[in-house]
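J.:
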Amino acid sequence: MASNFMIETDRLMITEFRAEMAEQVHLNSLDEDNRKFVPDEVFETVEEADGTIRFLMECYQGTEGPFVYPVLLRSGENIGYVQAVPVGDQWEVGYHIAAQYTNHGYASEAVMAFLPAIMDRLGIERIWGICREDNVASRRVLEKCSFELQSQGTGMYHGQQHGICKYVYSLKE
Ligand SMILES: CC(C)(COP(=O)(O)OP(=O)(O)OC[C@H]1O[C@@H](n2cnc3c(N)ncnc32)[C@H](O)[C@@H]1OP(=O)(O)O)[C@@H](O)C(=O)NCCC(=O)NCCS
5 MASNFMIETD RLMITEFRAE MAEQVHLNSL DEDNRKFVPD EVFETVEEAD
55 GTIRFLMECY QGTEGPFVYP VLLRSGENIG YVQAVPVGDQ WEVGYHIAAQ
105 YTNHGYASEA VMAFLPAIMD RLGIERIWGI CREDNVASRR VLEKCSFELQ
155 SQGTGMYHGQ QHGICKYVYS LKE
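Using the working numbering, you'd call the opening residue of the sequence shown number 5 and step up by one each time.
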């Protein structure tokens, strides 16, 4: 995977992690929705965020991922991330926008710009979006980004049984 990933949209920049982002990544990760829906991406300390960021920076050099990119406002504020994570021999998209920045369309704007770029880099034509049934905001993001619901049912999600929705986004029909 080539380095220096950078996507610019009208309001956002999607770029690579740098070590100095650890404190903001820690703070962003603490909100209620993230604790509820993505508990294993909550960093209780700056040190924990720092360790993860350093690991993710190393991943940029490889081909196996995960490929996680911070999302910044054009003013430079770090508001969350988008990611592509391997699931078996396929890939899943993920995202978080910190609570104080939600409901402004930032996740949808970031994901829409991220999909063609990351799918091109990974050489894939489809990518999964998997979320809890009750994660209404996340489902809405996937739907706004042209994902299609493939299946809905009970299954394991972050170590617990939940209703789960599996969406897929395809470049080709
Ligand atoms: C899911 C998340 C990324 C959404 O970020 P965001 O920047 O607010 O997303 P957007 O503004 O692009 O879109 C959110 C949509 O959900 C809708 N929404 C949010 N909460 C809602 C609710 N409780 N009921 C109905 N719709 C809701 C918004 O109205 C918006 O839809 P609209 O544009 O049609 O009005 C953010 O809430 C988050 O990070 N949550 C915690 C982490 C997470 O769940 N990640 C996904 C794991 S699968």
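In this text, a Cβ means the ideal position worked out from N, Cα and C, and glycines have one as well.
Tell me the DSSP secondary structure of A102 in three-state form.
T.: coil
J.: Alpha helix (DSSP H) containing G92: first to last residue?
T.: Looking at the DSSP string, G92 is not in any alpha helix (DSSP H), and its letter there is neither H nor E.
J.: Using the rule of at least 16 other Cβ atoms within 10 Å of the residue's Cβ for burial, across every protein chain shown, is V72 buried or exposed?
T.: buried
J.: Using a Cβ distance threshold of 8 Å, determine whether the stretch 47-60 contacts the stretch 145-152, with at least three qualifying pairs required.
T.: no
J.: Return yes when at least one heavy atom of ligand 1 lies under 8 Å from the C-beta of D44, else no.
T.: no
J.: Given a cut-off of 9 Å on the beta-carbon distance, is the pair I83 and Y110 in contact?
T.: yes
J.: Tell me I45's beta-bridge partners as DSSP assigns them.
T.: The question names Ile, yet the displayed sequence has Glu at residue 45. DSSP lists no partner for E45.
J.: How long is the line joining the alpha carbons of E96 and Y173, rounded to whole angstroms?
T.: 10 Å
J.: State the DSSP-derived secondary structure class of L146, mapped to helix, strand or coil.
T.: helix
J.: Taking three-plus beta-carbon pairs below 8 Å as touching, is the stretch 113-127 in contact with the stretch 158-165?
T.: In short, these stretches do not touch, since the Cβ pair count stays below three.
J.: Could you compute how far the alpha carbon of P90 sits from the alpha carbon of P70?
T.: It is roughly 6 Å from the alpha-carbon of P90 to the alpha-carbon of P70.
J.: Can you list, in chain order, the residues of its chain whose CB lies under 7 Å from that of A117, leaving out five sequence neighbours each side?
T.: Around A117, the same chain offers I11, T13, I18 as residues with beta carbons nearer than 7 Å, after the five sequence neighbours per side are excluded.
J.: Could you spell out where the beta strand (DSSP E) holding H166 opens and where it closes?
T.: H166 -> beta strand (DSSP E) spans 164-174.
J.: What is the residue span of the beta strand (DSSP E) that R130 lies within?
T.: 130-136
J.: Can we count E152 as close to ligand 1, meaning its CB is less than 8 Å from some heavy atom?
T.: no
J.: Rounding to the nearest angstrom, what Cα-Cα distance links C135 and R78 in this structure?
T.: 28 Å
J.: Can you look up Y110 in the DSSP assignment and give me helix, strand or coil?
T.: In this structure, Y110 counts as helix in the three-state DSSP scheme.
J.: Could you give the distance in angstroms between the alpha-carbon of I154 and the alpha-carbon of G133?
T.: In the sequence on display, residue 154 carries Gln and not Ile. Q154 and G133: Cα-Cα distance of roughly 10 Å.
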